[in-house]
Ligand code: ZN
Ligand code: FE
């Protein structure tokens with residue numbers, strides 16, 4: 007039976023650790039730092055069987071060189087420079103996760119970076135989406151266009167509603183403050199804010215989230231909703247012709263938003 011645990015790094019990064027406690031094999035996703043990973047694995051008595059990387063930013067790959075061994079599979083996007091990578095993956099690739107034996111599907115989801123990938127593991131209903139989809143928000147457009155990011159998010163949103171969403175950062179509460187500004191009447195937002203505030207107060211992550219929760223609370227997945235579109239048009243002070251234009255206006259609004 008696989009489990010997924012969060013290891014905190016830097017201010018607000020999560021390094022996700024998938025493991026089979028029976029066989030003590032573990033796989034880490036986006037190890038921006040090696041120290042917290044090594045001490046966590048040591049404490050659990052788990053052995054590192056592979057590393058997955060979603061994109062090339064240092065807060066996601068900075069720990070790889072110190073974790074690398076000659077025999078360790080290090081799997082990341084073929085389109086980006088990932089330190090010590092042993093296997094480059096492309097859109098729609100499938101592979102068996104080393105050490106854990108489950109099938110992984112790769113989705114190329116450009117926008118935050120151009121080669122960014124997500125790893126979807128259908129058998130446990132888990133999605134590791136790096137800095138593309140966040141709890142109630144999405145990543146900034148550092149390399150890609152609004153059109154690319156919008157398409158990438160639509161693809162993730164089409165995964166089963168029960169999918170557990172493992173994001174690269176703890177940004178949920180700040181994102182919910184923005185979401186409430188966009189949709190003050192959305193009841194799901196108030197419920198989610200109360201639940202996630204309680205988690206943070208207990209020292210727990212707000213993640214994983216569920217895709218169905220994102221679908222009803224994440225404004226960046228809700229650009230076809232009439233009230234989201236109307237709010238974006240009011241803020242942009244012009245009509246927005248399609249979903250991409252609404253998405254771009256929301257992303258720009260959020261870039262300058264102070265709660
Ligand atoms: Zn990033
Ligand atoms: Fe990041």
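Numbering (this note's numbering), first residue to last: 7 to 265.
Glycine included, each C-beta is placed from N, C-alpha and C at the ideal position.
| Item | Value |
| --- | --- |
| Any heavy atom of the ligand FE closer than 7 Å to the beta-carbon of residue 122? | no |
| Per the DSSP calculation, residue 215 is bridged to which residue(s)? | 171 |
| Mind listing which residues have their beta carbon within less than 6 Å of any non-hydrogen atom of the ligand FE? Chain order is fine. | 63, 65, 66, 137, 174 and 175 |
| Less than 7 Å separating the Cβ of residue 258 from some heavy atom of the ligand ZN? | no |
| Quick check on the DSSP output: the beta strand (DSSP E) that includes residue 24 runs from which residue to which? | 19-26 |
| Assuming the contact rule is C-beta atoms closer than 8 Å, residue 133 and residue 177 should be a hit. Round their C-beta distance to whole Å, please. | Wrong, their Cβ atoms sit about 17 Å apart, outside the cutoff. |
| Quick check: the Cα distance between residue 259 and residue 107, rounded to an integer number of angstroms? | 43 Å |
| CB residue 63 to CB residue 121, shorter than 8 Å? | no |
| Using DSSP bridges, identify the partner residues of residue 197. | In DSSP, residue 197 forms no bridge with anything. |
| Taking a contact to mean a Cβ-Cβ separation below 8 Å, would you say residue 241 touches residue 232 in this structure? | no |
| Taking a contact to mean a Cβ-Cβ separation below 8 Å, would you say residue 166 touches residue 131 in this structure? | yes |
| Does the beta-carbon distance from residue 250 to residue 216 come in below 8 Å? | no |
| Specify the secondary structure class of residue 134 as computed by DSSP and reduced to three states. | strand |
| Report the rounded CA-to-CA distance for residue 201 versus residue 265, giving the unit in angstroms. | 19 Å |
| In terms of alpha-carbon separation, which member of 75, 214 and 179 lies closest to residue 197? | 179 |
| Could you check what DSSP says for residue 30 in three-state terms: helix, strand or coil? | coil |
| Between the segment 180-189 and the segment 141-155, do at least 3 Cβ pairs fall closer than 8 Å? | yes |
| Rounded to whole angstroms, what's the CA-CA distance from residue 147 to residue 101? Just pull it up for me. | 28 Å |
| Confirm, please, whether the CB-CB distance from residue 37 to residue 73 is below 8 Å. | yes |
| What is the rounded straight-line gap between the Cα of residue 230 and the Cα of residue 218? | 16 Å |
| Taking all protein chains shown into account, do 16 or more other C-beta atoms lie within 10 angstroms of the C-beta of residue 150, making it buried, or fewer, making it exposed? | buried |
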